[in-house]
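Student: Following the working numbering, the residues of the sequence shown are numbered contiguously, the last one being 295.
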Amino acid sequence: MAKKKYHSIFSPSTSKERRKNFESYWAFSQDHSGEIYELDKDLSKKRQKLNYFQENPVRSKKPLPDPEVFYRNYVELKDDPTQFDRKTLLLTCIYKFARHEWVGISGAWDAIPSMADSKKVTDKISRVHLAEEFSHVRLFHEMFRTFQLDKVQWVPLGPVMKRVYGTFPYVPEMIMSAPAFVTELMGITFYQHVDAILDDVFADEPAARDRIRELLNEIMVDEIAHIGQRRNFLGTVGIKAAKKMVKPLYKMFFNDIPESKHLFDINQMIKDGLAFDYSTVPAALMKRTWVPSYCQSNRNN
Ligand SMILES: [Fe+2]
Ligand SMILES: [Fe+2]
-5 MAKKKYHSIF SPSTSKERRK NFESYWAFSQ DHSGEIYELD KDLSKKRQKL NYFQENPVRS
55 KKPLPDPEVF YRNYVELKDD PTQFDRKTLL LTCIYKFARH EWVGISGAWD AIPSMADSKK
115 VTDKISRVHL AEEFSHVRLF HEMFRTFQLD KVQWVPLGPV MKRVYGTFPY VPEMIMSAPA
175 FVTELMGITF YQHVDAILDD VFADEPAARD RIRELLNEIM VDEIAHIGQR RNFLGTVGIK
235 AAKKMVKPLY KMFFNDIPES KHLFDINQMI KDGLAFDYST VPAALMKRTW VPSYCQSNRN
295 N
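1) Indicate, with yes or no, if ligand 2 has a heavy atom lying under 8 Å from the CB of E217.
2) Please give the ranges of any beta strand (DSSP E) in the stretch 56 to 81, keeping only runs that are unbroken, at least 3 residues long and fully inside the region.
3) Give me, in chain order, the residues of the same chain whose beta-carbon lies closer than 6 Å to that of L133; leave out the 5 immediate sequence neighbours on both sides.
4) If you reduce the DSSP assignment to three classes, tell me which class D204 lands in.
5) With DSSP as the reference, label N295 as helix, strand or coil.
6) Which residue or residues does DSSP assign as beta-bridge partners of Q147?
7) Name, in chain order, the residues that DSSP records as bridge partners for I297.
8) Measuring CB atoms only, is the stretch 167 to 184 touching the stretch 199 to 208, in the sense that at least three cross pairs come out at less than 8 Å?
9) Express the C-alpha separation of E136 and A92 in angstroms, rounding to a whole number.
10) Measuring only the C-alpha atoms, how far is D111 from H94?
11) From K35 to A125, what distance separates their C-alpha atoms?
12) How about G222: is its Cβ closer than 8 Å to a heavy atom in ligand 2?
13) Taking only heavy atoms of ligand 1 into account, decide whether any of them is closer than 8 Å to the Cβ of G267.
14) Considering only residues of the stretch 96 to 146, which uninterrupted alpha helix (DSSP H) runs meet the minimum length of 4 residues and lie entirely inside it, listed in chain order?
15) Output the distance between the C-alpha atoms of V122 and I30, rounded to the nearest integer angstrom.
Take a look at the structure:
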């Protein structure tokens, strides 16, 4: 049997290893995303990619069976989701997931140091990380346009939730590191489960489906790097805490997205999150991403 190339994302690490890994991630990150555009919350290479997608648009052959069902339910579910067609159900689910991300990063962007004010390498990493997340929202937006949904808006959460998200960046790193890592892990689990049903849900729209997958893959390459990077903030205690948080955090998050249980097996998502060791990631994506040294089988210590 071929030797496994990677180890569990929950593998142990020393503080010396983690220091080195931050340096290695930072080198990767600059090459991967290019120059940061602070004012636009964007990065040069991410912008190039988005330009490519926008200049070479792919649109579904047919609009959704009833686009009004999408528009009435995408921000907040109003109708019975069991009556939706699967395309609409998946697209409203993706929007709700992406919206949470967008609200979280919008609060964090104003709270953390800009690139010019970043002294530590971890500050710089976090700034680029957030800019990458903003680029994902633009890629999600292009997904909706692929299905002829041109009127999608990014709607802020209500005042209470906004305040909750708004306090996150002020919580000390030591406490926030574990849930921040689990959130990234949840992201990649969700995207993998979305990817797995694209062929079925969009069976009669092969070109649009391929474009959705291309857009999703662009996001996933970053997200696979993010889980390693956020993992690198965790020592022995943090990694134990993170493991315990997987189930409750996944449950809480997907409870808030009612469509999710009609599309996905949430318990399987939890299992996949806990078992994550890069083995389920396609080789084409692995080539472009970053993995901490202690999750690689050739670790040299
Ligand atoms: Fe993300
Ligand atoms: Fe991320």
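For glycine and all other residues, C-beta sits at the position ideal for the given N, C-alpha and C.
Here the structure is a predicted model, which means the values were calculated and not measured.
Tutor: Result, derived from the coordinates:
1) E217: yes, Cβ under 8 Å from ligand 2.
2) none
3) L209, E212 and I213
4) Reduced to three states, the DSSP call for D204 is helix.
5) Unreliable positioning characterises N295 in this predicted model, as indicated by a pLDDT of 44, which lies under 50. A coordinate reading is not provided.
6) DSSP lists no partner for Q147.
7) It is not possible to answer for residue 297, since the shown part of the chain is limited to -5 through 295.
8) Short answer: they don't touch.
9) 12 Å
10) Taken atom to atom, the span from the alpha-carbon of D111 to that of H94 is near 27 Å.
11) Take the alpha-carbon of K35 and the one of A125: they are about 5 Å apart.
12) no
13) G267: no, Cβ never under 8 Å from ligand 1.
14) Fully contained in the stretch 96 to 146 are the following alpha helix (DSSP H) runs of length 4 or more, in chain order: 115 to 140.
15) 7 Å
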